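Before any comments, here is the structure.
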Amino acid sequence: MRTPVSTYRLQITEDFDLFEAARRLRYLHDLGVDWVYLSPLLAAEPGSTHGYDVVAFDHVDTSRGGTEGLGTLSAEARRLGMGVLVDIVPNHVGVASPTDEAWWWDVLQHGRESEHATAFDIEWPAGDGKLLIPVVGDGDEDAIEVVGGELRYHDLRFPLAPGTSTHEEQHYRLVNWHEADDNLNYRRFFAVNSLAAVRVEDPEVFAETHIEIRRWFEEGLVDGLRVDHPDGLRDPKRYLDDLATLTGGAYVLVEKILEPGESLSTDWATQGTTGYDALGLVDRVLTDPAGREPLDALESRLRGGPVDWAELIHGTKRDVADGILHSEVRRITREVRRMTTEASFKAVEDAIAELLACFPVYRSYLPEGLDHLEHAFDLARTHRPDLAATYDVLHPILSDGWTPPARRFQQTSGMVMAKGVEDCAFYRYSRLTSLNEVGGDPSVFSVTVDEFHAAMAERQRDWPLAMTTLSTHDTKRGEDVRARITALAEMPGVWESAIDELLALAPVPDPGFGSLLWQAILGAWPTSSDPDLRSRLHGYAEKAMREAGDRTTWTEPDEAYESAVHAAVDAAFDDDGVRRVLDRLVAAVDDAGRANALAAKLVAITMPGVPDVYQGSELWEQSLVDPDNRRFVDFDHRDAVLAGSASDDAEAKLQVTRAALTLRRDRADLFSTYAPVGVSGPAAAHVLAFDRGGAITVATRLPAGLAAAGWGDTRLDLPPGEWHDVLTGRPASAMLADLLAVHPVALLVKENA
């Protein structure tokens with residue numbers, strides 16, 4: 001098995017196709033990157049900018065470069081000695097436009113007799129023998145018509161079954177879009193109606209959905225895979241075993257989110273996760289624990305009372321189970337009722353929803369993770385003791401991992417967690433929003449240096465080839481947005497004063513949400529002009545307040561509330577008083593934010609694991625939530641900065657990135673172990689240092705507090721020998737004041753090592 005030393009994620013689109021990516025590989029190689037890491041490549045919905053809405057499994061998307069494009073990129077990677085990692089999507093296909101997905105079209109046309117009917121997870125009896133398609137607008141049923149041998153609904157086209165001519169005769173029924181919440185009878189990706197799940201647990205379906213992927217490995221085009229959303233699969237372990245057989249045991253990562261204290265199964269055929277667990281640790285070891293109490297107090301004041309995170313997410317998850325994912329709950333209930341009628345449909349439905357709301361992690365993999373299910377039952381009994389008898393009925397059914405309800409419950413719990421927490425509660429909790437990140441628990445405010453060291457020792461022992469990352473296409477805030485927000489933990493008084501002024505000058509109906517909004521503005525605010533920033537912030541504000549869902553929603557927007565929020569965004573650009581407060585706040589956190597950004601970057605690249613650099617993040621990464629984090633990256637500028645023919649405000653970050661990536665690639669022998677490096681002196685708490693087996697990382701932490709008193713005679717316990725800093729080329733001193741005089745970070749190796 002070939003394994004990467006590092007990766008660099010590229011979003012492959014029609015505007016940045018595989019040919020363009022191939023042209024950029026020389027730059028990535030010069031940056032120190034080992035493997036290029038590509039977003040999904042299989043044929044996707046026309047116009048897709050992300051590629052997760054696959055519509056065909058037998059070829060590379062022609063708009064992204066097609067077969068020739070992948071061949072060109074792979075050949076260039078081989079010439080440069082680089083590997084290729086590709087993101088794949090085994091859980092679902094895109095069905096937004098039925099004409100583009102041949103399997104879905106065939107199922108619509110032939111129903112259960114279709115050769116592809118078993119590829120989809122459809123419960124035909126729940127639709128009275130028909131597949132329900134929730135696309136019809138309120139009062140718009142008359143727009144359904146037969147035209148040219150097809151059923152049409154506005155610009156959507158659907159097939160007619162042979163020998164039929166009316167809607168009523170079809171194997172499907174176009175229904176009001178509201179019915180998706182309660183009556184949908186096909187499994188989806190989360191609550192996205194246009195992404196229909198496929199049953200890769202069926203050997204024939206697995207083979208057909210991996211035809212092109214198999215070719216990649218048979219022809220030596222690709223070296224490894226990133227598996228999207230394995231928690232949605234019926235049997236993730238079996239899928240990974242099948243994938244290992246297909247690829248010959250290639251390097252495979254899983255997009256698996258681990259809650260604090262949760263570990264990835266060592267029985268899975270994978271080298272580890274895509275790194276959200278690592279991201280959470282890096283951010284928290286750089287967060288000042290002293291900020292927790294005052295920021296808690298501020299959040300309570302802005303929200304009108306204390307916020308209990310556990311209760312908050314229980315409520316948002318229950319809302320999801322009763323709302324947009326209610327159809328999944330009802331399907332589990334029907335499967336339970338096929339096994340027993342000891343409890344009524346209504347009672348089982350209520351109990352299943354409560355158990356999903358109480359589930360502490362994304363999913364269990366029974367028999368592994370049975371303790372998580374027991375925790376959910378215990379908590380559910382506390383929340384809803386009136387359902388005790390129903391829980392008694394459900395317990396043996398859901399504890400047996402082979403029953404249909406238990407399997408489907410496991411597939412559903414992750415959906416409820418993702419939609420209730422990441423896509424809702426994260427926008428209702430604004431204490432310190434750098435902690436509101438995918439895979440993280442915002443209630444965990446910080447970790448100590450010793451806790452970080454312990455986690456890294458475990459990572460080096462158990463998962464040395466798992467990915468580490470700081471930014472992805474799914475992160476809610478780019479790494480440098482978070483780095484600047486993290487600085488607020490060191491200066492809560494400065495933040496409280498500023499947010500009070502900002503809310504007075506540009507009031508919003510919900511001050512708590514106002515805090516979340518202004519933290520985003522602070523984090524994204526440029527040190528140089530960004531002509532798109534206003535529209536980017538308006539896009540973020542709309543998504544954030546609608547995802548929060550407590551004042552306005554995507555389906556029922558509150559125009560007055562949204563207008564007030566958008567007015568606050570405009571005030572950041574147009575109101576002189578607001579600008580003065582914002583500029584003063586940016587000035588207060590900028591130095592600390594930069595130091596945090598460089599520390600996070602160096603630590604993420606040099607800690608145990610395979611570091612991934614998200615596209616463009618070798619310079620400042622001030623993106624907000626998608627689609628903002630998939631916008632155009634100026635590689636010409638980055639190439640020029642790397643070559644020294646152009647300048648940039650973030651040159652120090654690029655220098656750190658290149659030096660660390662290059663050392664890891666060229667001197668892998670220096671990164672084979674992990675051990676803390678001691679620090680002594682008055683500012684010892686401001687240092688994170690570790691030895692990877694010959695390469696020593698030194699990073700400043702809590703830089704704002706350090707600035708007040710300085711390093712003094714704080715010393716690094718540098719091992720014997722002559723050392724130098726590869727970032728500056730200077731000899732390394734054990735005195736932190738000298739060692740970190742140029743940058744807030746250092747990467748040390750022995751002379752002549």
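Per the UniProt record's numbering: the sequence shown = residues 1 to 753. Virtual Cβ for every residue (Gly too), placed ideally from N, Cα, C. The structure presented is a predicted model; accordingly, all values stated were derived computationally and were not measured.
Inset, instruction - Have a look at S413, V55, D530 and flag the residue whose alpha-carbon is nearest the alpha-carbon of S194. - result: Taking the Cα of S194 as reference, the smallest distance to any Cα among S413, V55, D530 is reached at V55.
Inset, instruction - Check whether the segment 657-675 touches the segment 690-698, taking contact to mean three or more Cβ pairs, one atom from each stretch, closer than 8 Å. - result: With the cut-off at 8 Å, the segment 657-675 and the segment 690-698 touch.
Inset, instruction - Count the other CB atoms, across all protein chains shown, that sit within 10 Å of the CB of S74; report buried if there are 16 or more and exposed otherwise. - result: Taking all protein chains shown into account, S74 has 16 or more neighbouring C-beta atoms within 10 Å of its C-beta and is therefore buried.
Inset, instruction - Could you check what DSSP says for D87 in three-state terms: helix, strand or coil? - result: Correct three-state label for D87: strand.
Inset, instruction - Tell me P611's beta-bridge partners as DSSP assigns them. - result: Residue pairing of P611 in beta bridges, as defined by DSSP: T468.
Legend entry - D713 in three-state terms, based on DSSP: In the structure shown, D713 falls within a coil segment according to DSSP collapsed to helix, strand and coil.
Inset, instruction - Ignore the nearest five residues each way along the sequence and tell me which others in E618's own chain have a CB closer than 6 Å to its CB. - result: The residues are L654, T657.
Legend entry - CB of M467 within 8 Å of CB of T274, strictly: For M467 and T274, yes; Cβs fall inside 8 Å.
Inset, instruction - Going by DSSP, name the residue or residues bridged to H92. - result: According to DSSP, H92 bridges with A197.
Inset, instruction - Could I get the ranges of all uninterrupted alpha helix (DSSP H) runs contained in the segment 155-224, with 4 residues as the minimum, in chain order? - result: DSSP runs (the alpha helix (DSSP H)) wholly in the segment 155-224: 180-183, 203-209, 211-218.
Legend entry - Backbone CA spacing between G323 and F632 [nearest angstrom]: Each residue's Cα considered, the two are about 36 Å apart.
Legend entry - Cross-strand partners of L151 (DSSP beta bridge): V146, F158, per the DSSP bridge assignment.
Legend entry - Extent of the continuous beta strand (DSSP E) to which Y251 belongs: Run containing Y251: 251-254, per the beta strand (DSSP E) assignment.
Legend entry - Local conformation of V36 per DSSP, three classes: Judged by DSSP in its simplified three-state form, V36 adopts strand.
Inset, instruction - Give the range of the alpha helix (DSSP H) segment to which F377 is assigned. - result: Element bounds for F377: 370-383.
Inset, instruction - Might you give, ordered along the chain, the residues of its own chain that have their beta carbon closer than 7 Å to the beta carbon of A640, omitting 5 neighbours on each side? - result: Shown here for A640: same chain residues with a beta carbon closer than 7 Å to its own, the five before and five after excluded, namely A646 in chain order.
Legend entry - Where the alpha helix (DSSP H) containing I313 begins and where it ends: Residues 309-322.
Legend entry - Same chain, Cβ closer than 6 Å to M417, neighbours up to 5 away in sequence not counted: Cβ neighbours of M417 beyond the five flanking positions: Y362.
Inset, instruction - Using the Cα positions of G514 and H538, report the straight-line distance between them to the nearest angstrom. - result: The alpha-carbon atoms of G514 and H538 are separated by roughly 13 Å.
Legend entry - Paired residues, beta bridge with R9 - DSSP: According to DSSP, which records beta bridges pairwise, R9 is partnered with Y37, Y614.
Legend entry - For T697 and A732, the rounded distance between their alpha carbons: Those two C-alpha atoms are separated by around 12 Å.
Legend entry - Reference P306; option with closest CA among I521, D15, S430: The shortest Cα separation from P306 among I521, D15, S430 belongs to S430.
Inset, instruction - Look up V336 in the DSSP assignment and say whether it is helix, strand or coil. - result: Helix, per DSSP.
Legend entry - Assumed close pair V679, R701 - CB separation to whole angstroms, cut-off 8 Å: About 11 Å; that fails the 8 Å criterion.
Inset, instruction - Could you check which residue in L233, V285, I257, L225 has the C-alpha nearest to that of A689? - result: A check of alpha carbon separations from A689 across L233, V285, I257, L225 identifies V285 as the nearest.
Legend entry - Selected residue, minimal CA-CA separation from residue 759, among I211, I485, T469, S446: What is shown of the chain runs 1 to 753, which leaves residue 759 out entirely.
Inset, instruction - Measure the C-alpha to C-alpha separation of G66 and P744 and round it to an integer number of angstroms. - result: Taking the straight line from one Cα to the other gives about 44 Å.
Legend entry - Beta-carbon separation (whole angstroms), A223 vs S434, contact threshold 8 Å: According to the sequence provided, residue 223 is Asp. The question's Ala does not apply to it. That belief does not hold up - the Cβ atoms of D223 and S434 are roughly 34 Å apart, past 8 Å.
Inset, instruction - Could you work out which residue in D182, V329, T247, D450 is closest to R407 when comparing CA atoms only? - result: Nearest of D182, V329, T247, D450 to R407, Cα basis: V329.
Inset, instruction - State whether the segment 231-239 contacts the segment 40-57, with contact taken as three or more CB pairs (one from each stretch) at a distance under 8 Å. - result: No, they do not touch.
Inset, instruction - Kindly indicate the opening and closing residues of the beta strand (DSSP E) around H724. - result: According to the DSSP assignment, H724 belongs to the beta strand (DSSP E) that extends over 723-725.
Legend entry - Short Cβ contact (8 Å threshold) for H92 with F189: Cβ distance < 8 Å, so H92 and F189 count as in contact.
Legend entry - Where M339 falls, given that 16 or more other Cβ within 10 Å makes a residue buried: It counts as exposed.
Legend entry - Touch test, the segment 497-515 against the segment 561-578, Cβ-Cβ under 8 Å, three pairs minimum: Taking a cut-off of 8 Å for Cβ pairs, the segment 497-515 and the segment 561-578 touch, as three or more such pairs fall below it.
Legend entry - Bridge-paired residues (DSSP) for P703: Under DSSP, P703 forms no beta bridge with any residue.
Legend entry - Anticipated Cβ contact below 8 Å, I133 with Y172, distance rounded: That belief holds up - the Cβ atoms of I133 and Y172 are roughly 5 Å apart, short of 8 Å.
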